[in-house]
Amino acid sequence: MTHADRHTVALLGNPNTGKSSLFTALTGTRQKIANFPGVTVEAKLGTAKFENSEITIIDLPGTYSLSARSPDERVATEALLGRVPGTPRPDGVIIVLDASNLERNLYLATQVLEFGLPAVIALTMLDVAQSRGITIDVEMLGNQLNATVVPVNSPQGKGIDALKAALHRTLHHPGKALHVPFGDDFTKSVDDLHAAVCDLSVRLGFKPARPEALRLLVDGAGPFFDECEQVGGKAFADSLQTLRERAAAGRSLALLEAQARYGLIGGWVAKARTSDDDGKRTRTDRVDAVLTNKVWGTLIFMVLMLLVFQSIYAWAGPLMEGIEQGVGALGGLLLALVPDGMPILYSLLKDGVIGGVGGVLVFLPQILILFLFIAILEDLGYMSRAAFLMDRVMAPLGLNGRSFIPLLSSFACAIPGIMGTRVIEDRNTRLTTIFLAPFMSCSARLPVYTLFIAAFVPEHGVGPFNLQGLVLFAMYWVGVLFAIPTALVLKRGILKSKVSPFLMELPSYKMPRPRAVARVLVERGTAFIKRAGTIIFAVAIIVWALAYFPRDGAMIEKHDAAIAASEDEVAAAIATIARDGGFSPDDEALAAAIADIEELTATHEESVSAAEETIVNGAELEAALEERAAAFAAAMLELKRRHGAAFEPAQAIFTTRIEGDEAVTTLEKRRDGELLAGSFLGIAGHAIEPAVKPLGWDWRIGMAAIASFPAREVIIASLGTIFNLGGDEDEESESLRHVLVDAKDKEGNPLFTLATALSIMVFFALCAQCAATLAIIRRETNSWKWPIASFTYMTSLAYVAALLTYQTASALGA
Amino acid sequence: MTTLADLSVGASARVISVTGQAALEQRILEMGVLPGVQVKVVRQAPLGDPIEIRVMGYSLSLRRSEAACIEVEVQT
Numbered sequence: 006m007t008h009a010d011r012h013t014v015a016l017l018g019n020p021n022t023g024k025s026s027l028f029t030a031l032t033g034t035r036q037k038i039a040n041f042p043g044v045t046v047e048a049k050l051g052t053a054k055f056e057n058s059e060i061t062i063i064d065l066p067g068t069y070s071l072s073a074r075s076p077d078e079r080v081a082t083e084a085l086l087g088r089v090p091g092t093p094r095p096d097g098v099i100i101v102l103d104a105s106n107l108e109r110n111l112y113l114a115t116q117v118l119e120f121g122l123p124a125v126i127a128l129t130m131l132d133v134a135q136s137r138g139i140t141i142d143v144e145m146l147g148n149q150l151n152a153t154v155v156p157v158n159s160p161q162g163k164g165i166d167a168l169k170a171a172l173h174r175t176l177h178h179p180g181k182a183l184h185v186p187f188g189d190d191f192t193k194s195v196d197d198l199h200a201a202v203c204d205l206s207v208r209l210g211f212k213p214a215r216p217e218a219l220r221l222l223v224d225g226a227g228p229f230f231d232e233c234e235q236v237g238g239k240a241f242a243d244s245l246q247t248l249r250e251r252a253a254a255g256r257s258l259a260l261l262e263a264q265a266r267y268g269l270i271g272g273w274v275a276k277a278r279t280s281d282d283d284g285k286r287t288r289t290d291r292v293d294a295v296l297t298n299k300v301w302g303t304l305i306f307m308v309l310m311l312l313v314f315q316s317i318y319a320w321a322g323p324l325m326e327g328i329e330q331g332v333g334a335l336g337g338l339l340l341a342l343v344p345d346g347m348p349i350l351y352s353l354l355k356d357g358v359i360g361g362v363g364g365v366l367v368f369l370p371q372i373l374i375l376f377l378f379i380a381i382l383e384d385l386g387y388m389s390r391a392a393f394l395m396d397r398v399m400a401p402l403g404l405n406g407r408s409f410i411p412l413l414s415s416f417a418c419a420i421p422g423i424m425g426t427r428v429i430e431d432r433n434t435r436l437t438t439i440f441l442a443p444f445m446s447c448s449a450r451l452p453v454y455t456l457f458i459a460a461f462v463p464e465h466g467v468g469p470f471n472l473q474g475l476v477l478f479a480m481y482w483v484g485v486l487f488a489i490p491t492a493l494v495l496k497r498g499i500l501k502s503k504v505s506p507f508l509m510e511l512p513s514y515k516m517p518r519p520r521a522v523a524r525v526l527v528e529r530g531t532a533f534i535k536r537a538g539t540i541i542f543a544v545a546i547i548v549w550a551l552a553y554f555p556r557d558g559a560m561i562e563k564h565d566a567a568i569a570a571s572e573d574e575v576a577a578a579i580a581t582i583a584r585d586g587g588f589s590p591d592d593e594a595l596a597a598a599i600a601d602i603e604e605l606t607a608t609h610e611e612s613v614s615a616a617e618e619t620i621v622n623g624a625e626l627e628a629a630l631e632e633r634a635a636a637f638a639a640a641m642l643e644l645k646r647r648h649g650a651a652f653e654p655a656q657a658i659f660t661t662r663i664e665g666d667e668a669v670t671t672l673e674k675r676r677d678g679e680l681l682a683g684s685f686l687g688i689a690g691h692a693i694e695p696a697v698k699p700l701g702w703d704w705r706i707g708m709a710a711i712a713s714f715p716a717r718e719v720i721i722a723s724l725g726t727i728f729n730l731g732g733d734e735d736e737e738s739e740s741l742r743h744v745l746v747d748a749k750d751k752e753g754n755p756l757f758t759l760a761t762a763l764s765i766m767v768f769f770a771l772c773a774q775c776a777a778t779l780a781i782i783r784r785e786t787n788s789w790k791w792p793i794a795s796f797t798y799m800t801s802l803a804y805v806a807a808l809l810t811y812q813t814a815s816a817l818g819a
Numbered sequence: 077m078t079t080l081a082d083l084s085v086g087a088s089a090r091v092i093s094v095t096g097q098a099a100l101e102q103r104i105l106e107m108g109v110l111p112g113v114q115v116k117v118v119r120q121a122p123l124g125d126p127i128e129i130r131v132m133g134y135s136l137s138l139r140r141s142e143a144a145c146i147e148v149e150v151q152t
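As given, the protein sequences belong to chains U and S, one line each in that order.
Take the first sequence: its position 381, counting from 1, is numbered 386 in the numbering used here, and each next residue is one higher.
Take the second sequence: its position 53, counting from 1, is numbered 129 in the numbering used here, and each next residue is one higher.
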């Protein structure tokens with residue numbers, strides 16, 4: 006393959022034009038995400054093959070114009086000029102035009118054609134245009150634009166080869182820049198400004214193109230202006246001002262530009278398009294009459310939102326449990342391969358690696374379910390209608406209608422919610438929504454609330470309500486309560502939208518294409534695992550290490566000696582019982598009797614727990630349990646008869662053995678608790694104790710809070726371990742509840758009061774203790790700045806709110 | 077002065093001028109709402125804001141505050 010046969014082409018177009026599906030039709034599945042430093046939008050890279058040549062295609066974000074008020078909008082221009090590090094410089098462009106919406110689509114085309122790159126036009130949505138009585142003379146349109154126009158239908162694969170062939174031809178001929186008739190003063194001002202910015206080339210580090218000078222002249226602001234002003238100083242700003250005044254001659258530059266472009270477009274369209282569009286109601290009109298109707302539209306929207314929420318909140322649950330069990334089972338197989346005597350490797354695999362992998366994969370069901378909805382609704386065209394319906398509700402917060410679904414989803418889990426913000430076009434609105442998402446009370450906070458409410462909030466009635474229920478309700482609203490002022494401050498301050506937040510196209514409805522939906526799911530799923538998964542996994546390993554090291558060898562030896570002594574004691578007690586009964590300890594009759602008792606007891610316990618699980622009615626359950634107890638006693642008598650003299654000692658040995666096992670487990674849990682207390686995490690807990698004391702916490706709660714950095718619900722297992730119950734306790738655990746109620750501080754007073762419990766819950770409602778959320782913020786904003794800001798802000802807020810809660814509640818005597 | 081925000085649902089009008097903060101004005105113009113162009117108010121959202129207009133053969137949603145930047149002449 007010769008060098009001349011490798012090319013790079015940029016793909017540009019308005020949103021909703023079928024650009025992504027054209028990209029897929031051209032490149033197949035060979036796509037990767039291009040890294041655009043410093044912006045929150047992303048482009049995809051793919052390779053199209055044509056005969057012997059390979060064409061790299063850069064799919065740039067959909068946009069209506071190249072005017073750029075933010076770095077996100079500027080990136081299209083930078084990419085066209087080959088200035089994005091790591092992304093090849095395009096030798097040509099494909100411009101996508103929606104045939105049913107030609108004028109507005111051509112606006113961007115006039116801007117792109119001014120760059121003078123060899124260009125091919127892909128004309129999409131011809132079927133929609135035809136259904137509206139619009140006919141387009143493709144050849145005539147091409148003549149007007151001085152470019153080849155190829156009709157395409159990507160879902161059906163039509164026109165793709167012709168497009169590639171046209172591209173191949175065009176790439177071997179130099180392009181000619183489009184000349185838009187702006188008027189003499191305007192054109193001369195662009196030329197003069199171009200010369201002025203070219204003088205800054207050395208200090209800018211690149212040679213600005215003429216279309217960039219045009220943008221600078223008209224926009225008068227934005228990232229490119231900032232760059233020029235930085236190197237050109239006040240002299241540059243002044244000369245720009247002078248040129249702007251000359252070009253405008255008292256009118257608005259934006260108006261001059263739009264009139265010149267739309268004037269040119271009007272001429273082209275008059276020649277190339279015939280329309281017998283009589284303004285009759287289209288299918289989209291008829292559907293919209295229902296879907297945006299005051300009553301039906303609102304109702305359908307609410308039912309849909311309920312469905313979305315319910316599916317991520319509840320239906321994802323079994324899938325998540327399945328993933329956890331699957332990872333656990335595979336992990337168990339892995340752990341079985343670890344040779345004895347390697348406790349570090351065992352613990353690293355068990356609590357670090359397997360826990361970490363589970364911690365990443367467990368988010369997939371929620372992400373995939375939410376994106377299944379988003380992809381279908383977006384493809385259908387409903388997402389813009391949902392935004393249209395909800396805009397009025399979100400506007401007072403400085404957000405827009407598109408923020409609603411991501412924030413609603415965040416009540417189930419912030420991860421899919423934050424990933425869902427990419428439907429928000431305005432950068433600052435999107436960043437604000439991302440920042441607010443973790444404030445919504447996600448399902449991972451529920452276990453924390455459940456545990457502390459059940460343990461410390463009395464079950465009083467308050468009017469028709471129950472106090473426990475009211476506290477839970479309040480916890481769900483704490484986040485929203487703090488999110489509102491946060492939104493107001495952000496949107497009035499650093500994230501004020503520079504462009505109108507809600508000028509939004511309502512595209513025609515289309516049938517969702519299963520393949521397009523599937524592609525979105527695969528893309529989002531892999532992006533999450535690759536980009537966020539690695540961070541989440543790394544955090545899991547780090548926190549494991551902090552909880553494991555430094556292991557105090559002397560302490561382990563002391564505990565292991567105590568455990569061994571306890572085991573010896575039990576063995577001796579068993580031997581004594583056997584001897585007293587007249588048996589040798591390894592007597593076969595005795596062993597058979599023990600085995601029978603063991604089996605009978607196990608069967609009985611199983612049947613009791615099965616009854617407890619299946620029988621709901623209290624009286625029925627009692628009767629069933631009595632019946633089982635009687636059967637058990639009778640079976641025991643039968644064993645006694647059968648084993649004769651061996652029965653009594655066997656029963657005593659059985660009991661002793663069970664008690665012995667329990668004693669050993671207790672010792673082991675105490676050892677694990679003390680090891681955790683002596684770990685780096687324990688040390689950190691002690692270190693922060695003075696800071697968390699005013700919140701009503703001691704070092705153990707402080708440590709558990711730090712340990713829960715990977716995920717909030719980890720606090721429960723951490724409290725279980727530090728209070729010597731082991732790490733397998735969950736929020737429903739009675740024993741954990743009792744231990745917390747009985748826990749004492751250094752002075753011997755109860756460690757947890759209602760005030761402490763409330764302060765912990767408020768802290769967890771507001772803190773950003775979720776490595777996965779921070780990782781996904783990093784991924785979606787393409788910067789560490791936002792996750793760090795989010796963590797710092799939310800942790801400070803959580804601290805202050807928990808402090809106020811504790812101090813107020815204790816003053817009130819709680 | 078009549079603006080797009082004053083029109084009731086179903087009304088058609090011709091755009092006279094676009095004002096407002098520079099970035100907003102530019103975005104409105106880029107979307108095809110410029111002097112001389114025909115617009116029609118198609119519907120309003122259930123809560124009264126935003127509104128949907130038909131312009132250049134496509135549907136555009138905008139807030140009433142944004143529509144108030146667009147001066148129009150009502151067509152009968």
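Glycine residues also receive a C-beta, built at the ideal position from the N, C-alpha and C atoms.
Measuring CB to CB, does residue i end up less than 9 Å from residue j?
i: residue 545(U); j: residue 725(U); result: no
i: residue 380(U); j: residue 526(U); result: yes
i: residue 131(S); j: residue 148(S); result: no
i: residue 105(U); j: residue 133(S); result: yes
i: residue 213(U); j: residue 205(U); result: yes
i: residue 574(U); j: residue 665(U); result: yes
i: residue 472(U); j: residue 462(U); result: yes
Residues of chain U with CB under 9 Å from residue i, in chain order?
i: residue 124(S); result: 397
i: residue 139(S); result: 396, 397, 400, 405, 505, 506, 507 and 508
i: residue 80(S); result: Correct list: empty, because the minimum Cβ distance to chain U is about 12 Å.
Helix or strand or just coil, what does DSSP make of residue i?
i: residue 117(S); result: strand
i: residue 825(U); result: One cannot answer for residue 825(U) here, as it falls past the ends of chain U, which runs 6 to 819.
i: residue 7(U); result: With a pLDDT of only 47 at residue 7(U), under 50, the local geometry of the prediction cannot be trusted, and no value is derived from it.
i: residue 91(S); result: strand
i: residue 134(S); result: strand
At a CB-CB cut-off below 7 Å, which residues of chain S make contact with residue i?
i: residue 257(U); result: 101
Is the CB of residue i under 9 Å away from at least one CB in chain U?
i: residue 84(S); result: no
i: residue 150(S); result: no
i: residue 117(S); result: no
i: residue 98(S); result: yes
i: residue 128(S); result: yes
For a contact meaning CB atoms closer than 9 Å, what does residue i contact in chain S?
i: residue 302(U); result: 121 and 122
i: residue 824(U); result: Residue 824(U) is absent from the model: chain U starts at 6 and stops at 819.
i: residue 69(U); result: 103, 106 and 107
Quick one: which chain S residues come within Cβ less than 8 Å of residue i?
i: residue 260(U); result: 94, 101, 105, 110 and 111
i: residue 108(U); result: 108, 132 and 133
i: residue 518(U); result: Near residue 518(U) there are no residues of chain S at all, since even the closest Cβ is about 21 Å away, more than 8 Å.
i: residue 74(U); result: 99
i: residue 393(U); result: 121, 126, 128 and 137
Can you find a CB in chain S that lies within less than 9 Å of the CB of residue i?
i: residue 96(U); result: no
i: residue 297(U); result: yes
i: residue 264(U); result: yes
i: residue 132(U); result: no
i: residue 322(U); result: no
Given the structure, does residue i come close to the ligand NAP, in the sense that its CB is under 8 Å from one of the ligand's heavy atoms?
i: residue 125(U); result: With respect to small molecules bound, the structure shown includes none, and the ligand NAP cannot be examined in it.
Practice problem: Compile a chain-ordered list of the residues in the region 524-549 of chain U whose CB is closer than 7 Å to at least one CB of chain S. | Solution: Here the close residues number zero.
Exercise. Output, in sequence order along the chain, the residues in the region 157-174 of chain U whose CB is closer than 8 Å to any CB in chain S.
Key: Within the region 157-174 of chain U, no residue has its Cβ closer than 8 Å to any Cβ of chain S.
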